[in-house]
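Student: Counting in the numbering used here, the final residue of the sequence shown is number 731, and the numbers go up one at a time with none missing.
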Amino acid sequence: MPMFASPARQLRRQYRRGTAAALVLTLAGAGMPLAHAEDDDPYLWLEEVRGEAALDWVRAQNAETFADLKDTPVFQSLYEEAYGILTSDAHLPHGKLVGDDFHDFWQDETHVRGVWRRASIESLVAGKPDWQIVLDVDALAEEEAENWVYKDIDCVGGDSDRCLVELSRGGKDEAVFREFSLAKRAFVADGFVVPEAKSGVAWADEDTLIVATDWGEDSLTESGYAREARLWKRGTPLASAGSLLVAGREDTMLAPVAHGDGGRTHVFLVRLEADWNNVEVFPLAGSRVGAPLDLPRRVLVEGVVRGQLILRLKEDWDRGPAAFAAGDVVAYDLERGSATRLYAPSETQAISEVETGDGLVFLEMLDNVAGRIKQVSPTNDGWAVTDIAVPDNGVAKLAAASSGRKDFFVTYESITQPTTLYHVAPGGKLTSLSQMPAFYDANDVIVEQRFATSRDGTRVPYFIAGQREVLKEGDAPTILYGYGGFLIPVLPVYFEEPSRPQHGALAGRMWLSRGGVLVLSNLRGGGEYGPRWHQAALRENRQRAYEDYIAIAEDLIESGVTSPEKLGALGRSNGGLLLGVALTQRPDLFAAFDIGVPLLDMRRYHELLAGSSWMGEYGDPDVPGDWAFIREYSPYQNIEKGRDYPTVFFYTSTGDDRVHPGHARKMAHALEDLGYDTWYYENIEGGHGGTANQDQLAMRTALEYAYFVRMLMPAEWDRSAATSIEAAGP
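1) Which residue wins for smallest C-alpha separation from L232, given the options P257, G217 and D219?
2) With a threshold of 6 Å on Cβ separation, who are the neighbours of N369 within its own chain once the five nearest residues in sequence on each side are excluded?
3) DSSP three-state label for S161, please.
4) So the alpha helix (DSSP H) A140 belongs to, where does it begin and stop?
5) My understanding is that L610 touches R659, with C-beta atoms under 8 Å, so please give their C-beta distance in whole angstroms.
6) Where in the stretch 355–422 do unbroken runs of the beta strand (DSSP E), each at least 3 residues long, occur, reported from the N-terminal end onward?
7) Pull up the CB-CB distance for G372 and G358, whole angstroms please, since I reckon it's below 8 Å.
8) With DSSP as the reference, label H267 as helix, strand or coil.
9) Shorter than 6 Å, the distance from the beta carbon of L87 to the closest heavy atom of the ligand ADP, or not?
10) Spatial neighbours of Y80 within its chain, please: C-beta separation below 7 Å, excluding the five flanking residues on both sides.
11) Out of N278, S654 and L431, state which residue places its alpha-carbon closest to the alpha-carbon of M254.
12) Output the boundary residues of the beta strand (DSSP E) element that contains H260.
13) Just verifying my parser: in three-state terms, what is the DSSP assignment at P284?
14) Pick from Y484, D252, A508 and K315: whose alpha carbon is nearest that of D442?
15) Helix, strand or coil, according to DSSP, for H607 in the structure here?
16) In chain order, what residues of the same chain lie with their CB nearer than 6 Å to the CB of G517, ignoring the 5 residues before and after it?
17) Measuring straight from C-alpha to C-alpha, what distance separates E197 and E175?
18) Which residue from A292, G261 and I122 puts its Cα closest to that of V271?
19) If you run the structure through DSSP and keep just helix, strand and coil, what is R60?
20) Based on Cα-Cα distance, which residue from M437, Y646 and L539 lies nearest to Y619?
21) Per DSSP, which one or two residues make a beta bridge with F496?
22) Measure the Cβ-Cβ separation of Y333 and A323 and say whether it is below 7 Å.
23) With distance defined between alpha-carbon atoms, name the residue in W718, L713, G225 and G643 nearest to E673.
24) Determine the DSSP secondary structure at W233, reduced to helix, strand or coil.
25) If I'm right that R525 touches D549 with Cβ under 8 Å, what's the distance once you round it to whole angstroms?
26) Does the distance from the C-beta atom of V212 to that of H260 stay below 7 Å?
27) Could you work out which residue in A570, V520, F76 and N575 is closest to P588 when comparing CA atoms only?
28) What residues are listed by DSSP as bridge partners for T679?
29) Using a 10 Å radius around the Cβ and a threshold of 16 neighbouring Cβ atoms, would you call E251 buried or exposed?
30) Roughly how many angstroms separate the alpha carbons of P427 and R299, rounded to a whole number?
31) Quick check: the Cα distance between G171 and Y44, rounded to an integer number of angstroms?
32) Quick one: is V362 buried, meaning 16 or more other Cβ sit within 10 Å of its Cβ, or exposed?
33) In whole angstroms, what is the alpha-carbon distance linking V386 and R119?
34) Kindly list the residues whose CB is nearer than 8 Å to the CB of D295, restricted to its own chain and excluding five residues on each side of it in sequence; keep chain order.
35) Take Q695 as the anchor and find which of D41, D139, A54 and A55 has the nearest alpha-carbon.
36) Using a 10 Å radius around the Cβ and a threshold of 16 neighbouring Cβ atoms, would you call R1 buried or exposed?
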């Protein structure tokens, strides 16, 4: 596999390796504890998120990565392409309904941090939205000298004009909640303010909040989330709020949720056990907490319709004469305690999202990973299902709905089809409102769904996209994206989440247009086929997800799409763990690994930030039986000297308070100390998304594709460099 370190860079690394080794000896001599990688971890100092030595190492790594990847003509071209897409003023609105208005968060070249804006639903449906800025986050950040990143809004609804605005410093999960007046378009003087923490907040009524936050000593779970919920009345200090319920330290969190049902609000406290899949739901009436509802423990609470709590089951539920299967959508009568089935997906179907309207339930579905939308309404005989006629062979998503309305909004898109926004009128009539422009020429791009056979015989779907002639010729530079966890499906979207560089608009312009191929894998552990697909790769069965990914890589090579010298891997977060496993188990299949905000040290993941909340997914490393199967795949513990590892690109964020940056830091440093070159980029802010604004996102995305061009398209890289030198002249 190619190595790209210059002689000067190699000398710098030799110096740093000697410095790091001396530091390890100094720490050990001072009696400081070393981590467990089995028993000793010489890179524990890199877990000091803002430690001076750690940040010095980060800055040195960034400088080298910039010198090799950023300060190049290829990067500049890619950056301009990414920035143009990410800051375009032609994106579609995608928000929520509040009263008679559509609320949207908008970013473009002028509004890099973004603006919260609104338009009347009537004007939006008429095709002439009367947008009005509600809050300018760029102006707020400048005025308050804070690095504010917009997270969300939560409004009381009905006739109230009050909302909570959730703002984060630098994009962290920790956030501040501040009360806001829609009528005045300003924060409320002496209004509700919940200080910075990983909080859960819900409106009980216009003058009452239910708050779960950091209340001080011993108020957080081992995962770092709130374990106590309190009732806070307007005009009283937050510290005097009355306690409602306290969860255990070993639980993941306690969170308040409020669901509208016509003119009524139902409030619940949800306790997530140490296994984040298991929950208890407590109804709240005023300040009285009721007994937990008689529900299955693995369930998602989606809303309330006419006194019926809408549930999405993640396990089978036997209710005596009635029996429900994992994946079913069920209505639970809050007064009678009875349950009825709304919808039972088939073997090829999965429910992705559920929204509620005025007496209605809206379902976002997959059928063999193709999008469907259904509307469900109560009748005298049960529930009636209406199909919403979205286009076939793409991704259909619920865009906005409200418990006070019977209409709603959906979007449709694919890798080649720009996103279209539709209004769905009462009764199901679909009207196209607007379409995103094409950000790349997809006329010759074809998208196919194929299947690979995993090690245990399971058929695993994947999508492949590329120019017709490129796919016909074969042996193409190819990026294989993967995730495979937490019930999250990987879908062939155009521009759903711009932080994901594998989506159609960015990948199409920056990769497919250059003659590359993009592959999206639908691994077990994800949500492509519902709970059964997710549960097939939990805990001791985690290796199945990795075998699925490897099977797709092998299928791409065997079918002639690409070759090991031209196949790159792309993944972030849980997908970063996936890539770490592929790197240590099958480096022979790949020439490049782009590993973002990853989990990698699975011996210590549960001790770092929110890690302990994922033990239901991976297992508990402190339990010998669990560590036995985790140890088999944990990337950090499986690095070996003498293997033919490609030069890896790691990226993370100092401000990521979900997945600890120590994972990426330690893995990169360990590889380098064994003689392997890496590129490493760490944004000093940005949270788990890795960036805090569109400019930073464009830069990181350009770095990722510059890396892939260098590793998988060396001729293109060399040609661009040569052209740049010629243009400079003597």
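Backbone N, C-alpha and C define an ideal beta-carbon position, used for all residues, glycine too.
Tutor: Let's see:
1) Indexing the sequence shown from 1 puts residue 232 at position 231. Of P257, G217 and D219, the residue nearest in Cα terms is P257.
2) Taking the sequence shown and counting its residues from 1, the one referred to as residue 369 is at position 368. Contacts found: T349.
3) Taking the sequence shown and counting its residues from 1, one reaches residue 161 at position 160. DSSP places S161 in coil when its eight states are reduced to three.
4) Position 139 of the sequence shown, counted from the start, is the residue given in the question as residue 140. Counting along the chain, the alpha helix (DSSP H) containing A140 begins and ends at V138 to E145.
5) The residue you call residue 610 lines up with position 609 of the sequence shown. The residue you call residue 659 lines up with position 658 of the sequence shown. Between R659 and L610 the Cβ distance is about 6 Å, and since that is below 8 Å, they are a contact.
6) 362–368, 371–380, 383–389, 396–401 and 409–414
7) Counted from its first residue, the sequence shown places residue 372 at position 371. Counted from its first residue, the sequence shown places residue 358 at position 357. In fact, because the Cβ distance is near 19 Å, the residues do not count as touching under 8 Å.
8) The sequence position of residue 267 within the sequence shown is 266, counting from 1. H267 falls in the strand class under three-state DSSP.
9) In the structure shown, the ligand ADP is absent, as is every other ligand, since no ligand is present at all.
10) As a position in the sequence shown, residue 80 is number 79, starting the count at 1. Same-chain partners within the cutoff: A699, M700 and A703.
11) Within the sequence shown, numbered from 1, the residue matching residue 254 stands at position 253. It is N278 whose Cα lies nearest to the Cα of M254.
12) Within the sequence shown, residue 260 is the residue found at index 259, counting from 1. Taken as a continuous stretch (DSSP letters only), the beta strand (DSSP E) holding H260 covers M254 to D262.
13) Position 283 of the sequence shown holds residue 284. Looking at P284 - three-state DSSP - the assignment turns out to be strand.
14) Here residue 442 corresponds to residue number 441 of the sequence shown, with the count starting at 1. That would be A508, whose Cα lies nearest to the Cα of D442.
15) Stepping through the sequence shown from its first residue, residue 607 is reached at position 606. Three-state DSSP puts H607 in a helix.
16) In the sequence shown, the residue the question calls residue 517 occupies position 516. Result list for G517: P478, in chain order.
17) The count along the sequence shown starts at 1 and reaches residue 197 at position 196. The count along the sequence shown starts at 1 and reaches residue 175 at position 174. Their backbone Cα atoms lie some 6 Å apart in a straight line.
18) As a working mapping, residue 271 is identified with position 270 in the sequence shown. The shortest C-alpha separation from V271 is found at A292.
19) Along the sequence shown, one-based indexing puts residue 60 at 59. The answer is helix: DSSP assigns R60 an H, G or I state.
20) The residue given as residue 619 occupies position 618 in the sequence shown. The shortest C-alpha separation from Y619 is found at L539.
21) To locate residue 496, count along the sequence shown from 1; it is residue 495. In DSSP, F496 forms no bridge with anything.
22) Position 332 of the sequence shown, counted from the first residue, corresponds to residue 333. Position 322 of the sequence shown, counted from the first residue, corresponds to residue 323. No, the Cβ-Cβ distance between Y333 and A323 is not below 7 Å.
23) The count along the sequence shown starts at 1 and reaches residue 673 at position 672. Considering only alpha carbons, the answer is G643.
24) Mapped onto the sequence shown, residue 233 falls at position 232. Of the three classes helix, strand and coil, the one that applies to W233 here is strand, per DSSP.
25) Here residue 525 corresponds to residue number 524 of the sequence shown, with the count starting at 1. Here residue 549 corresponds to residue number 548 of the sequence shown, with the count starting at 1. Yes, they are in contact, since the Cβ atoms of R525 and D549 sit about 6 Å apart, within 8 Å.
26) Indexing the sequence shown from 1 puts residue 212 at position 211. Indexing the sequence shown from 1 puts residue 260 at position 259. No, the pair does not count as a contact, with Cβ atoms beyond the cut-off.
27) Indexing the sequence shown from 1 puts residue 588 at position 587. Measuring from the Cα of P588, the nearest candidate turns out to be A570.
28) Residue mapping note: residue 679 aligns to position 678 of the sequence shown, counting from 1. Note: T679 sits in a beta bridge opposite V649.
29) Within the sequence shown, residue 251 is the residue found at index 250, counting from 1. With fewer than 16 other Cβ atoms within 10 Å, it is exposed.
30) Along the sequence shown, read from residue 1 onward, the residue named residue 427 stands at position 426. Along the sequence shown, read from residue 1 onward, the residue named residue 299 stands at position 298. Rounded to whole angstroms, P427 to R299 spans 33 Å at the Cα level.
31) Your numbering for residue 171 matches position 170 in the sequence shown. Your numbering for residue 44 matches position 43 in the sequence shown. Each residue's alpha carbon lies about 26 Å from the other.
32) Residue mapping note: residue 362 aligns to position 361 of the sequence shown, counting from 1. Result: buried.
33) Mapped onto the sequence shown, residue 386 falls at position 385. Mapped onto the sequence shown, residue 119 falls at position 118. Computed Cα separation, rounded: 31 Å.
34) Taking the sequence shown and counting its residues from 1, one reaches residue 295 at position 294. Answer for D295: G338, listed in chain order.
35) Position 694 of the sequence shown holds residue 695. Looking at the Cα atoms, D139 is the closest of the given residues.
36) In the structure as shown, the chain starts at 2 and stops at 731, and residue 1 therefore has no counterpart that could be examined.
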